[in-house]
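Quick mapping for you: the protein sequence lines, in order, are chains P and X.
Take the first sequence: its position 16, counted from the start at 1, is 16 in our numbering, and no numbers get skipped.
Take the second sequence: its position 185, counted from the start at 1, is 185 in our numbering, and no numbers get skipped.
Notes follow once the structure below has been shown.
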Amino acid sequence: MFKLIRQKMKNKRWLTACLTLGMTFLVAIFVCQPMFEKGALNMLLRSSFYDYTISENKYPAVIGREDSKKGEDGDLEAVLNEIDGYDRTWFKYLADTDALEIQTRVKLTEMASTGFYGNRTHYMALSYMPEFGQHITMADGQFYDSEFDTAEPAEGNNEYAMTQVMSAIDDGCYPCLISQKIMNERGFVVGETLTFDMWKNKDGEKLKVVVSGIYKEKDIYDSFWYIEPDEFKNEMFISREAMNAILEEYSCNGMSYIHYVMLDYDDITSNNVEAVKDYIEQFASIDPNFVVTFLPLLENYMSGKKTIGTLLWVLQLPILGMVLAFIYMVSSQIAESEKNEIAMQRSRGLSRFQIIAEYMVQCGILALYGLILGLPLGYGLCKLCAGTTDFLTFDGGGAYLYGFTPKMLVFGCIAVVLGAIVIIIPIVSYSKITIVEHKNLNAARGKALWERFFIDIILLGTSLYLLRNFNIQKERIRFDVMMGNKMDPLIFLDSTLFIIGFGLLALRLSHYLVRLVYRIGKKKWRPAMYASFLQITRTFGKQGFISVFMILTVAMGLFNANTARTINQNNEDRLTYGDGADAVITERWVMRTFKDTRNTTDYKYEEPDYGRFELLENSSMVANQTRVLRLDNTDISKDGISNKVTLMGIYSKEFGETANFKDELNKDVHWYTYLNELASNPDGLIISSNLAKLYELQIGDAISLSRMGDTFSFSDRFRGSMTGVVCAIVDDWPGYERYYYEEGEEKERYLVVANFPKVVNAYQIAPYEVWVRLNGDVDIEEFEALLDANKIVPKDLTLLQKDISDMKQQPLIQITNGMFTLSFIIALVLCALGFLIYWISSIKQRELLFGVYRAMGLPVKELNAMLTNEHIFSTFLSVLAGGGVGMVSTQMFVKLFGIVYLPEKHNLDIYIYFQMGDIMKLAVVVALMIIVCMLILRRLIRSLNITQALKLGEE
Amino acid sequence: MDNIIIAENVKRCFRLGDGEDFYALKGVDIDIPRGTLTILKGRSGSGKTTLLNALSTLDTPTEGEIFFDGVSCADMSEADKEALRRKDIGFVFQSVALIPIMNAYENVDFSLRLAQCEEERSSRIKKVLSLVGMQERMLHMPGQMSGGEQQRIAIARAVAPKPKVIFADEPTGALDTDTGLKCMALFKNLITHEGVTIVMTTHDPNLMELGDVIYEMEDGEIIDRRSNI
């Protein structure tokens, strides 16, 4: 039996090879699922931690404890031991998950009280942090303690101040270090002494500390500075000995401590994330003082996991359906060519089971091949598509997160079982019939099932009904996506339903068209045309399958390409709009406090040298730069209604040259028109249309804006007011995002744009952004080196190029690009192969017929014309129909998809993008496929031997 | 007598798999009188079909010459032969070989289109279909007809373009005796009404008497010629 099967498979080696290929692809797609899911989930975790770091500017994976101790419990050593005890308990349990590496431990213990310096009262804390000295440098002064040996004295110390420090220490003061922030905001200097009234020793002497130095961080990126130096607004750092001595001698009524452990979040993976989350939730539930920063991240991950799982299946389903259809098609061809043999076997008394069993053995062999080839192919394809940065663009970026998982073997086995079932289906139906029934059946073959039962109309109607409902519920879907609720997979599947339904309808219509063309010229058709039209119309049911396959491949290929392009490009557009320029740089400005004329403390910013930025233009990387002063806490008030507005101060010409903005925004009025209005009117204001609507403002109306202080300590301080005249009303503006979300609620921002000098005159200079236009794509590291060379140290650096590349690494975008690319490649390969198989086997089956044609005197060139006509009216029409279906479904569904990927309301509506390149790629493959097919067919026909062909009929 | 086909010393050699030459026809001389039913009889493998293929220009002899209506086939180009088969030759194959995607009417119509028939095709189709007694079933597909009915359609298709000669290779091979005899009667009828010449092969001894000229073949040679004219 095995010999017979081997011989059969060898005889039909091309069809067998195609079936093996189908099985291989099926296994590959199936095994991609768990691998892609695992990788995407790891990527989701990474990006959650990364996004948190960017948005909060904090290390993301921190657990810890914050507590306070009273009276006699306030012993430093006891507190430090207690901290270590907790630490050990946590890691004893967390070790069960997988060893979590620890990056850094930060321990801070402190006692806080009010103290007096000069004639002012300050609320201060005496603090101790182990290893503090190893992470600081001295900006001024020095610290006298063995533990701080590594903190070298500052260069150029003021000798007078140091003498004061020495004499204060001699007087029993404890030396301490303060941050530059405290120095600037509270006006403390080295050598100053602070007295704490509340803390006295047994002799009744008050506790005194002397500022012996000003510290600054050695390295701002050091994870030790989880709490940044600027956040230490009250802390005066003392040594361990001093802390112990103070606790022993002075009547301090308690102390508090903070203990943070920074975990290496690379160790938290999709394998252990749930266990980590469980343990951390348990710690938090039994200990109210337990601190964890990343529990919301893990919760977001859990809801993202559901979305990713659903999305992967939903994106895979169409291509999975196509591969199964391909297998079915090839298997049907095999069954068709072996139908006589099957019918004969049945007539000779073989049971159905025996016939099916014979094919099952073949399936087993194919399944084995499929598994052996499919597993590595799936792994390779997944790695390839995991490295996509755009549709059909690979750079291998995130691919390292994707690796083998044992689940792949299970999925591979499921795939081969499914494939085997699909292979057997046509055999089962053929095994029912004997040779007599088979001949009768041949005569009765009619319309395809879908055509008879109007499946196309039903599918199309259902999909349109669903689409209508989704469109009505757009807002709810948007909200659900933003809330992280489970995504409705029907949103995606609906488009597949539509493509299948519309594809079948297009096929039905193309069939009517062929009939119409045939009827129009029925009397006049040349024999070849006559025969070919009859061939197309009479074998429509049989040929329909390859036509459906062609239509669906082209339609889905186009739809997938357009969807991916639209999602990517809209994301890019929004980032480009939101960032405002190619690079936005904010430096750290020094805020100085001073006494004003009424002897109240006021502040002002020291503007860093802007000349350094102007020098950037000397580099080939930079085209333009400009200052943009963006002030969020500005108020507009009219008729008792007050609102916050974002005030933007700009230099209009430079701004126009530097900012990124689409010309077609603002209802097609070029934005330079508004910049010109502003430039010609020093008091002019450009306002956003929502602000104009809210206050019923028109061009020419005067408005007044007031502004309070910048920082918490000066937030109640009035900084000034500004009056201007509305010179333009705009919907959109570079960097102005109208909508934002707070606690799940959608809110609107209002914008006022004024000339830079006018804003500075009204409110004084404040930290501004420097917007930079770059000359095309630049190397990010080179740009940072350029900033460094010009002594520019950004506090915040927004690089559009980096934002776009980060966006493309987001799991949802990444898997969409990856899956669409994967589907596109597989669809193209299958389409090309499916097409060739169909045509070659169709010619082989028609060999007798061609022999008859040739015997009757039909020349070879007429036979070729006949096949060309068949290609035009079946293949070409199918490709055209597929293209049409793809474009129509893009127009109808892609905006709906956009909501899933870009749920936030935005100034920029979702715009549908398609790239001619994708259409060209598809067209080239289809054209190549047709050309190769035609060449093969011509060769087959040329080599046709009439008498041999006629003999076929006698057999 | 006026011969429409004359074959002189026709040989047909096939190269076998082992490199040896096999002569299926070993120098056949034959003439086909116009307006007759000529039968080539012989056992299976005697060379009947090979001779028929050579006479009908489907195959080219290795040696010898065939004259069709006075013109040497050796002087004809492939296009001339195709034109000859379209206009002057009709075929009825053993395998019936109706075009399965065309109904009876269209099968006949196809041969008329091939022959670039100038007259009104529809009436001609109906006429030949009624001649073979199949007018009632002209819209039926081949799969919906019995073997005998299909053969009658094949005959109608062959005769429709008014060819000079119809070649029929074992036309009754797949038919029962009764249907076979009806088919032969039909051939006789066509010769009378359409003036066509028919050359057919058969191994059925019951049909021999119905032929006007009977050639008997054995091992690629004519071993006997009988005439009932």
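All residues carry an ideal CB built from backbone N, CA and C; glycine is no exception.
Touching by the beta-carbon criterion (3+ pairs, under 8 Å), the region 790-809 of chain P and the region 557-574 of chain P: yes
Reduced DSSP category for P/TRP771 - H, G, I as helix; E, B as strand; rest coil: strand
Neighbourhood of P/LYS808 by C-beta, 6 Å cutoff - its chain only, sequence neighbours within 5 removed: THR389
Between the Cα of X/ASN189 and the Cα atoms of X/ARG226, X/MET208 and X/LEU131, which residue gives the shortest distance? Here the closest residue by C-alpha is X/LEU131.
Can you list, in chain order, the residues of its chain with a C-beta nearer than 7 Å to that of X/GLY42? Leave out the 5 residues immediately preceding and following it. LYS48, HIS203, GLU216, MET217 and GLU218
Of the residues that make up the region 40-67 of chain X, which ones have a beta carbon closer than 7 Å to any beta carbon in chain P? ASN53, LEU58 and ASP59
Consider the Cβ of P/ILE946: report whether some Cβ of chain X lies at a distance smaller than 7 Å. Taking 7 Å as the CB threshold, P/ILE946 lines the interface with chain X.
Report the three-state DSSP secondary structure of P/PRO794 (helix, strand or coil). Strand at P/PRO794.
Could you name the residues of chain P that X/ILE101 contacts, counting a contact when the two beta carbons are closer than 7 Å? Under the 7 Å cutoff, chain P gives LEU534, GLN535, ARG538 and THR539.
With 7 Å as the C-beta to C-beta threshold (strictly closer), list the residues of the region 842-864 of chain P near chain X in chain order. LEU848, LEU849, VAL852, ALA855, MET856, GLY857, LEU858 and PRO859
7 Å Cβ cutoff met for P/ARG773 and P/ASP582: yes
Using a Cβ-Cβ distance under 7 Å, would P/TYR530 count as near chain A? Included in the structure are the protein chains P and X, with no chain A among them.
Taking the alpha helix (DSSP H) that P/ILE780 falls in, what are its first and last residues? 780-789 is the span of the alpha helix (DSSP H), which, as asked, contains P/ILE780.
Residues bridged to P/GLN625 by DSSP? P/VAL772
Within chain P, partners of X/PHE110 - CB distance below 7 Å: PRO527, TYR530 and ALA531
Verify whether the separation of the beta carbon atoms of P/THR104 and P/MET262 is less than 7 Å. yes
Nearest-angstrom Cα distance between X/VAL165 and P/VAL924? 50 Å
Quick one: which unbroken alpha helix (DSSP H) runs of 4-plus residues sit fully inside the region 850-910 of chain P? Chain order, please. 860-870 and 877-901
P/ALA443 CB to nearest chain X CB: under 7 Å? Residue placement at P/ALA443 cannot be trusted, given a pLDDT of 45 that sits under 50; the coordinates are not used to answer.
Counting contacts by CB-CB distance shorter than 7 Å, is X/PHE91 in contact with chain P? yes
With a threshold of 6 Å on Cβ separation, who are the neighbours of P/THR868 within its own chain once the five nearest residues in sequence on each side are excluded? If we look at P/THR868 and ignore the five residues flanking it on each side, it has no Cβ neighbours.
Mapping the DSSP letters down to three states, classify P/TYR59 as helix, strand or coil. Looking at P/TYR59 - three-state DSSP - the assignment turns out to be coil, as it is neither helix nor strand.
Answer yes or no: do P/PRO767 and P/TRP589 have a C-beta to C-beta separation smaller than 7 Å? yes
By a C-beta neighbour count over all protein chains shown, 10 Å radius and 16 as the cutoff for buried, is P/VAL793 buried or exposed? exposed
Using CA atoms only, rank isn't needed, just tell me which of X/GLU136, X/LYS87 and X/MET141 is closest to X/LEU112. X/LYS87
Which residue or residues does DSSP assign as beta-bridge partners of P/HIS259? P/ARG65 and P/LYS107
Smallest Cα separation from P/PHE353: which of P/PHE391, P/SER429 and P/GLU677? Comparing Cα-Cα distances from P/PHE353 to each of P/PHE391, P/SER429 and P/GLU677, the minimum goes to P/SER429.
Can you grab the Cα-Cα spacing for the pair P/ASN271 / P/THR634, in whole Å? 48 Å
Smallest Cα separation from P/MET956: which of P/LEU19, P/LYS905 and P/TYR50? For chain P, the structure presents residues 1 to 955; residue 956 of chain P sits outside this window and is missing.
Of the choices P/ILE650, P/SER652, P/LEU631 and P/GLU654, whose alpha-carbon is the least far from that of P/LYS644? P/LEU631
Please tell me whether X/LEU114 has its Cβ less than 7 Å away from any Cβ of chain P. yes
Is the separation between the beta-carbon of X/VAL92 and that of X/PRO171 shorter than 7 Å? yes
Would you check if there are 3 or more beta carbon pairs closer than 8 Å linking the region 693-703 of chain P to the region 731-738 of chain P? no
Tell me the DSSP secondary structure of X/PHE110 in three-state form. X/PHE110 falls in the helix class under three-state DSSP.
Simplified DSSP assignment, three categories, for X/ALA115: Correct three-state label for X/ALA115: coil.
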